[in-house]
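Here's the structure, in structure tokens; my notes come after.
Numbering (the working numbering), first residue to last: 17 to 314.
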């Protein structure tokens, strides 16, 4: 099972606590954030950097480089450092008007200006969703398509596996403590309960992957506080999800979503514009079901 820090709440800027720790990237994908997509002439405009010296130079600028002011405004761009199509090393949300760094701020801003100007004003790259049958393992897609294509599993390599999204709601009164202290106690209690559920699921031997645990809803008044946590869980092919759901329910969890996918998506970056062109280029791969502009889902 992938070793993911369990109680790491989704942060706006992953590198703010330390930056990229090792220079392993072979490709950089620069893409617009959700906020930025509507500002572009096409939402799937991106830029790909695969020249090793440029990748190494860019990665070095972020290595162990703490970012400041990162929560003052929304990210406009996402800088993805990839070791392989299946292995994202780091995703760096970036806004040139807000983000300052411990070192190299001017160099980072200059580099990003060069690349984002190419996205908006010159011959860019285009990002497409390629729909794949869930019966086909991601590694097969990489082996057969990856040699001559820029592929990225932006949404991870477990999309084809059975999914349960787990919610856990914890409420309690706190008349004997401050609201701040109560919120801390409630969060830790909720996290412990979720951890107990996942521990039980790991004993089944069916659990393959868990997402980060995120707080979906929290609040308090003068008498009571609550916290709603969510985690997405992926299981081996053929797992009895009804059995898994019973384990979760017996421990107070709530099933928000239960799904056995029949397809998943890999992202393809190309200098060719137009879905019909991409579909023609991929027509000889029998496991490709469709192509569409990123980020639209169908």
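By construction, the Cβ of each residue, glycine as well, lies at the ideal position given by its N, Cα and C atoms. The model shown is predicted, which means the values in this text are computed figures rather than measured ones.
Run the CB neighbour count on residue 232, radius 10 Å, all protein chains shown included, and call it buried at 16 or more, exposed below.
Stepping through the chain shown from its first residue, residue 232 is reached at position 216. Answer is exposed; the Cβ neighbour count stays below 16.
DSSP has residue 246 in a bridge; who is on the other side?
The residue labelled residue 246 in the question sits at position 230 within the chain shown. Answer is 183, 230, bridged to residue 246.
Quick check: the Cα distance between residue 182 and residue 273, rounded to an integer number of angstroms?
For this step, residue 182 is matched to residue 166 along the chain shown. For this step, residue 273 is matched to residue 257 along the chain shown. Those two C-alpha atoms are separated by around 7 Å.
Rounded C-alpha distance that separates residue 133 from residue 222:
On the chain shown, residue 133 is found 117 positions in, with the first residue counted as 1. On the chain shown, residue 222 is found 206 positions in, with the first residue counted as 1. Their Cα atoms are separated by approximately 47 Å.
Coil, strand or helix - residue 216 by DSSP
Position 200 of the chain shown, counted from the start, is the residue given in the question as residue 216. Looking at residue 216 - three-state DSSP - the assignment turns out to be helix.
Residue 72 beta carbon near the ligand ATP (any heavy atom closer than 7 Å):
The ligand ATP is absent from the structure shown, which contains no ligands of any kind.
Label residue 296 either buried or exposed according to how many other C-beta atoms from any shown protein chain fall within 10 Å of its C-beta, with 16 as the threshold for buried.
Reading the chain shown from its first residue, position 280 is the one you call residue 296. Residue 296 is exposed by the Cβ-count criterion.
From 122, 177, 103, pick the residue whose C-alpha is nearest to that of residue 42; which is it?
In the chain shown, counting from the first residue as 1, residue 42 sits at position 26. That would be 103, whose Cα lies nearest to the Cα of residue 42.
Top-ranked residue by Cα proximity to residue 204, from 243, 175, 279, 225
By one-based count along the chain shown, residue 204 stands at place 188. Cα-wise, what sits closest to residue 204 is 243.
Presumed contact (8 Å Cβ cut-off) between residue 144 and residue 60, rounded CB distance
Along the chain shown, read from residue 1 onward, the residue named residue 144 stands at position 128. Along the chain shown, read from residue 1 onward, the residue named residue 60 stands at position 44. Indeed, because the Cβ distance is near 7 Å, the residues count as touching under 8 Å.
Sort out for me which residues DSSP pairs residue 149 with in a bridge.
Within the chain shown, numbered from 1, the residue matching residue 149 stands at position 133. Paired residues: 279.
Counting C-beta neighbours from all protein chains within 10 Å, is the total for residue 140 16 or more, i.e. buried, or is it exposed?
For this step, residue 140 is matched to residue 124 along the chain shown. Classification of residue 140: buried, given that the 10 Å Cβ count is 16 or more.
Buried or exposed: where does residue 37 fall if 16 or more other Cβ atoms within 10 Å of its Cβ makes it buried?
Indexing the chain shown from 1 puts residue 37 at position 21. Residue placement at residue 37 is poorly supported in this model, since its pLDDT is 45, which falls under 50; the coordinates still yield a value, given next. Classification for residue 37: exposed.
Three-state secondary structure assigned by DSSP to residue 241
One-based indexing of the chain shown puts residue 241 at position 225. Of the three classes helix, strand and coil, the one that applies to residue 241 here is strand, per DSSP.
Whole angstroms is fine: what's the gap from residue 62's alpha carbon to residue 168's?
By one-based count along the chain shown, residue 62 stands at place 46. By one-based count along the chain shown, residue 168 stands at place 152. The alpha-carbon atoms of residue 62 and residue 168 are separated by roughly 12 Å.
To the nearest angstrom, how far is it from the Cα of residue 101 to the Cα of residue 187?
Start at 1 with the first residue of the chain shown, and residue 101 comes out as number 85. Start at 1 with the first residue of the chain shown, and residue 187 comes out as number 171. About 42 Å.
Continuous beta strand (DSSP E) stretch holding residue 293: start and end:
If you number the chain shown from 1, residue 293 lands on position 277. Element bounds for residue 293: not the beta strand (DSSP E) but the alpha helix (DSSP H), 291–297.
Excluding five sequence neighbours on each side, which residues of the same chain lie with their C-beta closer than 7 Å to the C-beta of residue 124?
The count along the chain shown starts at 1 and reaches residue 124 at position 108. Taken in chain order, the residues that qualify are 77, 117.
Neighbourhood of residue 263 by C-beta, 8 Å cutoff - its chain only, sequence neighbours within 5 removed:
Mapped onto the chain shown, residue 263 falls at position 247. So the qualifying residues of the chain are 213, 216, 217, 220.
Pick helix, strand or coil for residue 115, following the three-state DSSP scheme.
Translated into the one-based positions of the chain shown, residue 115 becomes position 99. Reduced to three states, the DSSP call for residue 115 is coil.
Taking 8 Å as the threshold (beta carbon to beta carbon), is residue 184 in contact with chain B?
In the structure shown, chain B does not exist; there is a single protein chain.
Beta carbon of residue 110, beta carbon of residue 175: below 8 Å?
Position 94 of the chain shown, counting from 1, holds the residue named residue 110. Position 159 of the chain shown, counting from 1, holds the residue named residue 175. Cβ distance not < 8 Å, so residue 110 and residue 175 don't count as in contact.
I need the boundaries of the alpha helix (DSSP H) containing residue 266, first residue and last residue.
To locate residue 266, count along the chain shown from 1; it is residue 250. That run of the alpha helix (DSSP H) goes 257–266.
Assuming residue 230 contacts residue 246 (C-beta within less than 8 Å), just tell me the rounded distance between them.
By one-based count along the chain shown, residue 230 stands at place 214. By one-based count along the chain shown, residue 246 stands at place 230. Between residue 246 and residue 230 the Cβ distance is about 5 Å, and since that is below 8 Å, they are a contact.
What residue range is occupied by the uninterrupted alpha helix (DSSP H) comprising residue 102?
Residue 102 sits at position 86 when you count from the first residue of the chain shown. Run containing residue 102: none; DSSP gives neither H nor E here.
What are the boundary residues of the alpha helix (DSSP H) that residue 129 is part of?
As a working mapping, residue 129 is identified with position 113 in the chain shown. From DSSP, the alpha helix (DSSP H) with residue 129 extends over 121–137.
Ignore the nearest five residues each way along the sequence and tell me which others in residue 177's own chain have a CB closer than 8 Å to its CB.
Residue numbering aside, residue 177 sits at position 161 when the chain shown is read from its first letter. If we look at residue 177 and ignore the five residues flanking it on each side, its Cβ neighbours are 224, 225, 250, 251, 252, 253, 277.
Relative to the C-alpha of residue 303, which residue among 152, 115, 248, 83 is closest?
What you label residue 303 is simply residue 287 of the chain shown in a count that begins at 1. Among 152, 115, 248, 83, the Cα nearest to that of residue 303 is on 152.
Which residue wins for smallest C-alpha separation from residue 241, given the options 114, 200, 112, 106?
Counted from its first residue, the chain shown places residue 241 at position 225. For residue 241, the nearest C-alpha among the options comes from 200.
Measure the C-alpha to C-alpha separation of residue 197 and residue 206 and round it to an integer number of angstroms.
Start at 1 with the first residue of the chain shown, and residue 197 comes out as number 181. Start at 1 with the first residue of the chain shown, and residue 206 comes out as number 190. Rounded to the nearest angstrom, the two C-alpha atoms are 14 Å apart.
Same chain only: Cβ atoms within 7 Å of residue 105, ignoring 5 sequence neighbours per side:
Taking the first residue of the chain shown as 1, we reach residue 105 at position 89. 36, 40, 41, 97, 98, 99, listed in sequence order.
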